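This report concerns only the one structure given below.
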Amino acid sequence: MINIGILASGRGTNLQAIIEAVEDGRIEGKIKIVISDNSDAYALKRAEQNNIDTQYIDFKSFKNREDYDKKVIECLKEKGVELIVLAGYMRILTPYFIKTCKNRIINIHPALLPSFPGLHAQRQAIEYGAKVSGCTVHFVDEGVDSGPIVLQRAVEIKDDDTEESLAERILKEEHQIYPQAIQLFTKGRLMIKGRRVFIK
Ligand code: GRF
Numbered sequence: 042m043i044n045i046g047i048l049a050s051g052r053g054t055n056l057q058a059i060i061e062a063v064e065d066g067r068i069e070g071k072i073k074i075v076i077s078d079n080s081d082a083y084a085l086k087r088a089e090q091n092n093i094d095t096q097y098i099d100f101k102s103f104k105n106r107e108d109y110d111k112k113v114i115e116c117l118k119e120k121g122v123e124l125i126v127l128a129g130y131m132r133i134l135t136p137y138f139i140k141t142c143k144n145r146i147i148n149i150h151p152a153l154l155p156s157f158p159g160l161h162a163q164r165q166a167i168e169y170g171a172k173v174s175g176c177t178v179h180f181v182d183e184g185v186d187s188g189p190i191v192l193q194r195a196v197e198i199k200d201d202d203t204e205e206s207l208a209e210r211i212l213k214e215e216h217q218i219y220p221q222a223i224q225l226f227t228k229g230r231l232m233i234k235g236r237r238v239f240i241k
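Be aware that the sequence shown starts at 42, since it is given in the numbering used here, and climbs by one per residue.
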């Protein structure tokens with residue numbers, strides 16, 4: 042059983058999907074802590090409702106991003122966290138964070154990377170005129186949504202899709218592949234070779 046730490050800034054539907062997957066044994070791991078940079082994040086409530094320890098860390102109490110990240114890492118270390126899961130975490134991790142936790146941080150992005158990285162990925166896909174988008178679980182490296190890809194799921198873009206309707210269909214797939222990717226990590230089945238991730 043590995044110890045998982047989750048960073049979230051918002052509503053936490055991916056967190057919820059992960060909590061449920063842990064509960065019914067689809068993920069063989071333990072969520073040790075949920076950390077947020079947003080005191081109002083509904084993700085914190087979801088964690089509390091499930092008796093998971095939470096920590097709100099206020100950026101304003103730190104002099105720079107690296108000091109903030111040092112505090113986050115300290116909290117994760119205290120809990121013995123081995124896998125860090127970003128679930129709608131709105132802060133970009135500093136190179137210090139990424140170096141310290143190399144190949145142990147994963148993220149989910151609502152597009153088929155490398156297309157449409159960054160914010161408003163669903164809107165970007167519609168405005169570009171893409172016919173297919175989807176979601177991607179990837180390891181986090183120093184770039185924005187640029188790390189090695191673990192799993193992807195495609196979602197068709199319909200003519201009458203709005204940003205919201207597409208986001209909703211993509212989200213359903215996110216809730217499937219994120220727990221799957223976490224389970225693969227917990228079982229030690231992910232092998233990173235350069236940009237490629239092989240599933241053993
Ligand atoms: C998801 O769309 C995810 O792909 C992106 O942030 C959103 C988080 O949603 N990284 P939620 O907080 O998990 O509901």
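Virtual Cβ for every residue (Gly too), placed ideally from N, Cα, C.
From a predicted model like this one, the values you see are computed outputs, not experimental measurements.
Open item on the list: Suppose you measure from the CA of asparagine 105 to the CA of glutamate 115; what does that come to, to the nearest Å?
Closed with: Distance between the alpha carbons of asparagine 105 and glutamate 115 is about 16 Å.
Open item on the list: Within a Cβ cutoff of 8 Å, which residues of the same chain sit near isoleucine 147, ignoring the five residues on either side of it in sequence?
Closed with: Leu124, Ile125, Val126, Leu127, Val178, His179, Phe180, Val181, Val191, Ala222, Ile223 and Phe226
Task: Span of the alpha helix (DSSP H) around lysine 71 - done: That residue, lysine 71, is in no alpha helix (DSSP H); its beta strand (DSSP E) goes 70-77.
- [ ] Figure out for me which residue from Gly229, Ile149 and Gly184 has the closest Cα to the Cα of histidine 216.
- [x] Ile149
TODO: Report whether the distance from the Cβ of isoleucine 149 to the nearest heavy atom of ligand 1 is below 6 Å.
DONE: yes
TODO: Give a yes or no on whether the minimum CB-CB distance between glycine 129 and chain C is below 7 Å.
DONE: No chain C is part of this structure, which consists of one protein chain only.
Open item on the list: So if DSSP puts leucine 231 in a beta bridge, which residue, or which two residues, is it bridged to?
Closed with: Ile240
Open item on the list: At the level of alpha carbons, what is the spacing between glutamate 209 and glutamate 183?
Closed with: 28 Å
TODO: Look at the alpha carbon of phenylalanine 157 and the alpha carbon of glutamate 168, and state the distance between them as a whole number of angstroms.
DONE: In this model, phenylalanine 157 and glutamate 168 are separated by some 11 Å (Cα to Cα).
Task: Length-filtered (4 minimum) alpha helix (DSSP H) runs lying within the segment 138-215 - done: Counting whole runs of 4 or more residues, the segment 138-215 contains the alpha helix (DSSP H) stretches 162-169.
Open item on the list: Given the structure, does asparagine 91 come close to ligand 1, in the sense that its CB is under 6 Å from one of the ligand's heavy atoms?
Closed with: no
Open item on the list: Is asparagine 55 near ligand 1 - that is, is its Cβ less than 6 Å away from at least one heavy atom of it?
Closed with: yes
Open item on the list: Given the structure, does arginine 52 come close to ligand 1, in the sense that its CB is under 6 Å from one of the ligand's heavy atoms?
Closed with: yes
Open item on the list: Considering only their Cβ atoms, is the gap separating isoleucine 139 from proline 189 smaller than 7 Å?
Closed with: no
Task: Coarse secondary structure for asparagine 44, derived from DSSP in three states - done: DSSP, reduced to helix, strand and coil, places asparagine 44 within a strand of the structure shown.
- [ ] Under 8 Å Cβ to Cβ from valine 196, same chain only, skipping five residues before and after it: list those, please.
- [x] Val173, Ser174, Gly175, Cys176, Leu207, Arg210, Ile211 and Glu214
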